[in-house]
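>
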Amino acid sequence: DQQVKQNSPSLSVQEGRISILNCDYTNSMFDYFLWYKKYPAEGPTFLISISSIKDKNEDGRFTVFLNKSAKHLSLHIVPSQPGDSAVYFCAAVKNNAGNMLTFGGGTRLMVKP
Amino acid sequence: KAGVTQTPRYLIKTRGQQVTLSCSPISGHRSVSWYQQTPGQGLQFLFEYFSETQRNKGNFPGRFSGRQFSNSRSEMNVSTLELGDSALYLCASTSGAHVEQFFGPGTRLTVL
């Protein structure tokens with residue numbers, strides 16, 4: 041049972057435009073959601089997180105939106121840059137489950153110059 | 523501050539052998555988690571250690587085990603290796619004050 045899903049395996053965007061990566065979840069008990077970026081042969085790098093009691097969090101070019109009623113979150117990257125090309129994972133965690141992250145399957149973002 | 527370090531970075535073993543992977547967390551971080559990444563199953567949680575105690579365990583067989591030392595360094599062990607254990611094994615640490623976990627570069631294990 042996949043509790044966190046990223047339905048788009050890949051996304052291609054032109055440099056300077058907006059990238060929107062989507063994530064759906066089934067477990068309403070998640071307390072935090074996180075986005076990570078991963079390059080090949082490296083560990084995931086933390087980008088941004090959002091608490092389940094908020095609907096938006098911004099950090100520079102990255103904004104995460106949370107729609108609890110739809111159990112959906114999205115990561116917006118504006119403007120997209122070629123260096124943003126990587127695999128993006130969304131993850132979720134429950135406060136009463138320690139630091140156990142449940143990951144989605146990832147979306148490969150390609151930003152074309 | 524130095525990041526999370528993992529050793530070795532690459533490892534080749536044969537079926538039936540056992541392997542030990544090591545992780546040094548960021549200084550001051552007391553929680554260490556381990557994850558397995560495979561093309562078929564994605565990133566899956568193995569276990570978490572906090573103050574030398576296993577706090578959470580994922581859905582993996584008993585061949586996968588771990589421990590944490592008093593300096594927060596952690597090791598994971600896989601016994602009786604199977605071909606399906608070939609994966610990237612990632613370690614992450616957190617201070618506990620914030621939700622984000624910081625990952626090491628991983629150990630690429632190949633089982634032949």
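Taken in sequence, the protein lines are chains A and B.
If you read the first sequence in the working numbering, its first letter stands for residue 41, the second for the next number, and so on.
If you read the second sequence in the working numbering, its first letter stands for residue 523, the second for the next number, and so on.
Cβ coordinates follow ideal geometry from the N, Cα and C atoms, glycine included.
Using CA atoms only, rank isn't needed, just tell me which of A:82, A:100, A:74, A:78 is closest to residue 94 of chain A.
Residue mapping note: residue 94 of chain A aligns to position 54 of the first sequence, counting from 1. With distances taken between Cα atoms, residue 94 of chain A lies closest to A:74.
> Which chain B residues are close to residue 84 of chain A, counting only those with a beta carbon under 7 angstroms from its beta carbon?
Start at 1 with the first residue of the first sequence, and residue 84 of chain A comes out as number 44. Ordered by position in chain B, the residues that pass the 7 angstroms Cβ test against residue 84 of chain A are 625.
> For residue 127 of chain A, which of B:565, B:552, B:533, B:532 has the nearest alpha-carbon?
Locating residue 127 of chain A in the first sequence gives position 87, where the first residue counts as 1. Considering only alpha carbons, the answer is B:565.
> Quick check on residue 628 of chain B: buried or exposed, where buried means 16 or more other Cβ atoms within 10 Å of its Cβ?
Counting from 1 along the second sequence, the entry for residue 628 of chain B is found at position 106. The residue in question, residue 628 of chain B, is buried, as its Cβ has 16 or more Cβ neighbours within 10 Å.
> When you check each C-beta in the stretch 89-114 of chain A against every C-beta of chain B, which residues fall closer than 9 angstroms?
Correct list: 89, 91.
> Quick one: is residue 118 of chain A buried, meaning 16 or more other Cβ sit within 10 Å of its Cβ, or exposed?
Mapped onto the first sequence, residue 118 of chain A falls at position 78. Exposed.
> In or out: residue 149 of chain A buried (at least 16 other Cβ within 10 Å) or exposed?
Mapped onto the first sequence, residue 149 of chain A falls at position 109. Buried: at least 16 other Cβ atoms inside 10 Å.
> Within 10 angstroms of its Cβ, does residue 139 of chain A collect 16 or more other Cβ (buried), or is it exposed?
Taking the first sequence and counting its residues from 1, one reaches residue 139 of chain A at position 99. With 16 or more other Cβ atoms within 10 Å, it is buried.
> Would you identify the three-state DSSP class for residue 137 of chain A, choosing helix, strand or coil?
Residue numbering aside, residue 137 of chain A sits at position 97 when the first sequence is read from its first letter. Of the three classes helix, strand and coil, the one that applies to residue 137 of chain A here is helix, per DSSP.
> Given that a residue counts as buried once 16 or more other Cβ atoms are within 10 Å of its Cβ, and exposed if not, what is residue 558 of chain B?
For this step, residue 558 of chain B is matched to residue 36 along the second sequence. With 16 or more Cβ atoms within 10 Å of its Cβ, residue 558 of chain B is classed as buried.
> Cα-Cα, which of B:563, B:530, B:538 is closest to residue 142 of chain A?
Against the first sequence, residue 142 of chain A aligns to sequence position 102. Residue B:563 is the option with its Cα nearest to residue 142 of chain A.
> Can you tell me where the beta strand (DSSP E) holding residue 597 of chain B begins and where it ends?
For this step, residue 597 of chain B is matched to residue 75 along the second sequence. Per DSSP, residue 597 of chain B belongs to the beta strand (DSSP E) from 596-600.
> Could you tell me the alpha carbon to alpha carbon distance between residue 42 of chain A and residue 60 of chain A, rounded to whole angstroms?
Position 2 of the first sequence holds residue 42 of chain A. Position 20 of the first sequence holds residue 60 of chain A. Roughly 21 angstroms between the two C-alpha positions.
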